[in-house]
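Please read the structure below before turning to the comments.
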Amino acid sequence: MKIKDFIVCALTVLAVPLSGQVVSHPIAEDWESGDFSSLSWERPGSQYRWEITSEGAHNGRYCARSGNYYTLNTQSVLQLGVYLTESGNLSYYRKVFSAEGSGGFLFWLDGELRDSLAGYVDWSEFQCPISSGYHVLKFCYTKNQTKSKGSDCVWIDDIQLPEGLITQWQTGSCETPDAPQAVVSDSQVVLSWSNAYHAEDILLFDDVEGHPYGAVNSPGTLGWRYIDGDGAPTAPFGVLSFPNVGSPMAYVVLDDYLLVGNQYNVTAHSGHRFFGSPFHSNISNDDWIVSPELDFTEPFTFSFYARSFADRFADEKFVAAYSITDTNAGSFIPLHCDTITTIAEWNEYSFLVPAAAKYVAIHCVSHDQYMFCLDDLTIHGRRTSGHPCNVYRDGVLIASEVTDSVYVDSLATAGAHCYSITYICGEMESAPSDTVCIHLATGPATVTTEKEDTVPYVLTSASKDISDNHMANTLEEMLRWNKYPTYGVYTQLLQYFQDSFPNLCQIDTILEDTPHPDLHHSIFAIHISNTLGQATTKPAFLYSSTMHGREVVCYYMVLRLADYILNHATTDTVVQRLLDNVDLYICPLENPDGTYHQSDDLIWDDGVHTIYHNYNNVQLNLNYPYLPGLEGAANIQPETQAIIDWVTPIHFVMSVNFHCGAEIVNYPWDAWTTQQRAHADADWFRYTGQNYASLCHAQDTAYLYGDYRGRSVIEGADWSPLVGGRQDYMTYYQRCREVTIEMSHLPLITDTTLLPTYWDKNKDALLSYAMECSYGFWGTVTDAATHEPVEAMVKVLNHDRFHSEVFSHLPLGVYHRPIMAGTYTVEVSAPCYQTATFTVTIRPGMAVQHDVELQPQVEAPVAFDQYILPGMQTTVVAMAENEVHWYDSDTASQAIAVGAYYTTPVLFDTTTYYLEEQYQNDSLLCISPRSAVTVYVLDNVSVSEHNEDSELKIFPNPTGDFLTIDVGGESLRAVSVYDAEGKQVLTKKITASGMLDVTSLKPGNHLLGVEYAEGQWRWVKFVKIGDK
8 MKIKDFIVCA LTVLAVPLSG QVVSHPIAED WESGDFSSLS WERPGSQYRW EITSEGAHNG
68 RYCARSGNYY TLNTQSVLQL GVYLTESGNL SYYRKVFSAE GSGGFLFWLD GELRDSLAGY
128 VDWSEFQCPI SSGYHVLKFC YTKNQTKSKG SDCVWIDDIQ LPEGLITQWQ TGSCETPDAP
188 QAVVSDSQVV LSWSNAYHAE DILLFDDVEG HPYGAVNSPG TLGWRYIDGD GAPTAPFGVL
248 SFPNVGSPMA YVVLDDYLLV GNQYNVTAHS GHRFFGSPFH SNISNDDWIV SPELDFTEPF
308 TFSFYARSFA DRFADEKFVA AYSITDTNAG SFIPLHCDTI TTIAEWNEYS FLVPAAAKYV
368 AIHCVSHDQY MFCLDDLTIH GRRTSGHPCN VYRDGVLIAS EVTDSVYVDS LATAGAHCYS
428 ITYICGEMES APSDTVCIHL ATGPATVTTE KEDTVPYVLT SASKDISDNH MANTLEEMLR
488 WNKYPTYGVY TQLLQYFQDS FPNLCQIDTI LEDTPHPDLH HSIFAIHISN TLGQATTKPA
548 FLYSSTMHGR EVVCYYMVLR LADYILNHAT TDTVVQRLLD NVDLYICPLE NPDGTYHQSD
608 DLIWDDGVHT IYHNYNNVQL NLNYPYLPGL EGAANIQPET QAIIDWVTPI HFVMSVNFHC
668 GAEIVNYPWD AWTTQQRAHA DADWFRYTGQ NYASLCHAQD TAYLYGDYRG RSVIEGADWS
728 PLVGGRQDYM TYYQRCREVT IEMSHLPLIT DTTLLPTYWD KNKDALLSYA MECSYGFWGT
788 VTDAATHEPV EAMVKVLNHD RFHSEVFSHL PLGVYHRPIM AGTYTVEVSA PCYQTATFTV
848 TIRPGMAVQH DVELQPQVEA PVAFDQYILP GMQTTVVAMA ENEVHWYDSD TASQAIAVGA
908 YYTTPVLFDT TTYYLEEQYQ NDSLLCISPR SAVTVYVLDN VSVSEHNEDS ELKIFPNPTG
968 DFLTIDVGGE SLRAVSVYDA EGKQVLTKKI TASGMLDVTS LKPGNHLLGV EYAEGQWRWV
1028 KFVKIGDK
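This is the structure in structure tokens:
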């Protein structure tokens, strides 16, 4: 639906009910729901849409931020229609950061401009009086000049209005669930509960084809109702003629084949019939078509096609509305902010309707026009029962919005745990259930994360005492954090981190020896984690710096970040939250040969002591493998190859590569502009980059101003294209999400009193940005049969492209997918597994866990052991979905048979055979683990009196519960059954043919013998099958 300027003009025909059946409340919006669902907000258009951000709110965690991406002559609009039952004050808080004269914030109330701001204005309150009645609030950020500054957007928070109608109703109460049941299975806890969530899709559709031509106010099969509010006869038509013309009516059924005088050649939108509401000469239409009574439990969609009959009288007007009580005209509430005017072409109109609506309606309010037309009316939504659940372990949320009635916790550690669940009721969460507690003997396996391809850290000796006023020559001097370290102090600092915080810090050696022939340099990484030495489900995040040797402001910055985190791990809640949720790595100096080119004791940007390239004079940010479709190849340097080898097994989820020489955040791709190839997650990159910039701007509005038309955040090639860069390599080949942050205009600041100011500007942003990798959705992917972890692709359908998919990785099968807030359908696939899909809803600054079990394409075949006499053959049957291969040993490579059946040779000794299931699809061959089946050959002495005779017949074979024994007219004494190990498992006296109950027998191969009246025994084999 497209709506023009929002000016309240013709809604006086709609009366909103103020009876006791509708309760009004003060209206407030703080966006703490994490989305726009609390009120019926409208965000017109598909670009530059307002978004919820978890950074820099006025109060609480969230606020709304305009979606302007620095594009000229655009606006980002957020609007709301409300009906107030009392007069009072409207208030809200806003923060603006824009360039004077080039755009800014505007607020309209009922089409009248009430508030405008530009430049930088920190959080401040706006208030104005507002009367009772219907109002439209419109918040807008406009961009109309090339000049930009900082964030170029506006933030809104904490809106307060007088009492009015709640526009999105909560349905039903959110009762407290009963305590779940808990069962310990191996190292997992299986939780189950009642009242699981169930959804039923409901679609009501009317194309008018089933209504009689000329029928007035036709109910049809759906049961439409009508209100003829004006009660007047239709005006006479000069040419047009149809049944009942001139009669009082709300709507009449028309047929484009049967209409007489259809000079405008109007046709139905589909088929031939449609509804028409004819004009009246002297009064406005007041004609309603009302739906049958509805019963949805979630907001639903009401859509239809409408048009004006004649282009000469095209100003047909209507209002779509809903009622939560009855079908009286005064009970209906409009679904949009102003009347809608149609044109002389069919156009679709669609509205989201609150779940509490019992009726929807279309109200024709035209004045002296011609004919308002309707066709293809659709009402579509869901009716749900039960509730999705949140699952808590020891008071901590471990699973969100679980729609099944069972949840398996495979990550609990050994020891005692207590579980509870809550119901999710719309935007509400119930009180927690009573807890159920268990004791887990063993937890998930822990695996060391020590990597074979990293060299153990060895401390190098301290450098000579060469003084310069911007160099720290001792560790004590460095820890004052106002100077750069000499190389010797740098290595001492890393040793200090590791020795002082052994449970939090480990130094990795990425490259032991760089190319410099005279100075011994290494590339190190600082691993900071509260789960060192363990396999962890936390996402890995990397901050790295100074691949260009002269860019050392960021070198200082990341070293100070490491120091701050390690020293505040128990005192700063932000740091604690980071350590609990992120596995952090910091590589402070990627190009030590460039930074300390002439001497280990001096950094000086003179092209001698400190240089841009590495020792081999290669620009390391043009030195990574080229992406597909790009010509040429990189001359990969030792530093580059070492970084590649180091990052590959860690599987970083996000990373930042710091540079100096500008102040800007740029994101992939560096090799293609936005117009050439936009990244699938471009909106997310802009959003998280804007979060970083906004936190910096909160400290200094002149910082991170942006070097391209004032943009703080920009796509790489839109700013400065390059091929062979690390950002594109990490994002494409490593499937990481890397950005480049240019931290300082000056690569080297010798006035080191300024260095702490850069830390102050960036500290909050650095801590916050690393947390972004823990948001979105994540989980584990395991084998449904063995519960072992699986390496699988996790793809967001209709979204991912060009390697934006992520993978789950061993040893835990964990995946992480940061993504923009929204609802997505996700596909999980792996070779030799059946593909699984699920739907997930993401909110800003939140993590949703979704574990996936993949059904293997092949499983070890099932076959039952056999029991035969010496010198006999038997046929073994395998149960499998695909082709079975038989082997005579567990290690044999040559199959002795292929197929579901295998007939043995004559056997005199007990023999074991091995089976595997194989599935071939194009070039993919899937082979299951091997299972074993044994044919037992009984001792001849113990069965010498037993003779197998084919005259004895049994059926069915295999059998489930009952077996029919047929010996013709022979007389019998008894029947006995033995299992595959020769144990007697059943005996019964019988005298003739009949049925034998074998329900109690275990599945497998059995030998049945009957004793005839003369004392002779006869034997036959049968298979008892189970549920499978």
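The opening residue of the sequence shown carries number 8 in the working numbering; numbering runs sequentially from there. Heads up, the beta-carbon is just placed ideally off N, CA and C, and yes, glycines get one too.
| Item | Value |
| --- | --- |
| Local conformation of residue 360 per DSSP, three classes | strand |
| Own chain, CB closer than 8 Å to residue 845, minus 5 neighbours either side, in chain order | 832, 833, 835, 857, 859 |
| Cα-Cα separation, residue 112 to residue 127 | 11 Å |
| Spatial neighbours of residue 743 in its chain, beta-carbon cut-off 7 Å, leaving aside the 5 residues before and after | 659, 660, 661, 662, 737 |
| Unbroken beta strand (DSSP E) run spanning residue 285, endpoints | 280-285 |
| Identity of the residues DSSP links to residue 263 by a beta bridge | Looking at the DSSP assignment, residue 263 forms no beta bridge with any residue, so it has no partner. |
| For residue 548, the residue or residues it bridges with in DSSP | 591, 661 |
| Residue 563 beta carbon less than 9 Å from that of residue 765 | yes |
| DSSP beta-bridge partners of residue 223 | 259 |
| Residue 734 (DSSP reduced to helix, strand or coil) | helix |
| Status (buried if at least 16 other CB within 10 Å, exposed otherwise) for residue 602 | buried |
| Selected residue, minimal CA-CA separation from residue 423, among 446, 439, 408 | 446 |
| Helix, strand or coil at residue 712 according to DSSP, with G and I counted as helix | coil |
| Minimum length 3: unbroken beta strand (DSSP E) runs contained in the stretch 849-923 | 854-856, 859-861, 873-875, 882-886, 890-894, 908-910 |
| Burial state of residue 1033 (16 or more Cβ within 10 Å) | exposed |
| Residue 1032, DSSP secondary structure in three states | coil |
| Neighbourhood of residue 796 by C-beta distance below 6 Å, restricted to the same chain and skipping five residues each side | 789, 817, 819, 820 |
| Between the CA atoms of residue 87 and residue 806 - distance to the nearest angstrom | 29 Å |
| Residue 213 - partner residues in DSSP beta bridges | 384 |
| Cα-Cα separation, residue 755 to residue 932 | 57 Å |
| Rounded separation between residue 779 and residue 181 - CA only | 31 Å |
| Own chain residues within Cβ distance below 8 Å of residue 230, not counting five before or after | 299 |
| Contacting residues, own chain, Cβ-Cβ under 8 Å from residue 1021 (five flanking each side not counted) | none |
| Where residue 430 falls, given that 16 or more other Cβ within 10 Å makes a residue buried | buried |
| Where residue 777 falls: helix, strand or coil (DSSP) | helix |
| The stretch 353-372 in contact with the stretch 288-304 per 3-pair CB rule at 8 Å | yes |
| With 16 other Cβ atoms within 10 Å as the buried cut-off, status of residue 217 | exposed |
| Candidates 304, 296, 657: closest to residue 545 by CA position | 657 |
| Whole beta strand (DSSP E) elements within the stretch 662-701, 3-residue minimum | 671-674 |
| CB of residue 777 within 9 Å of CB of residue 550, strictly | yes |
| The stretch 124-144 in contact with the stretch 40-51 per 3-pair CB rule at 8 Å | no |
| Close-in-space but distant-in-sequence residues of the same chain around residue 405 (CB under 8 Å, 5 per side omitted) | 398, 399, 416, 418, 856 |
| Per DSSP, the bridge partner or partners of residue 942 | 873, 918 |
| Min CB distance residue 82 to chain B below 9 Å | Protein chain content of the structure displayed is limited to a single chain, and chain B is not contained in it. |
| Uninterrupted beta strand (DSSP E) stretches inside the stretch 289-326 (no shorter than 3 residues) | 294-297, 307-315 |
| Distance CB(residue 392)-CB(residue 186) smaller than 9 Å | no |
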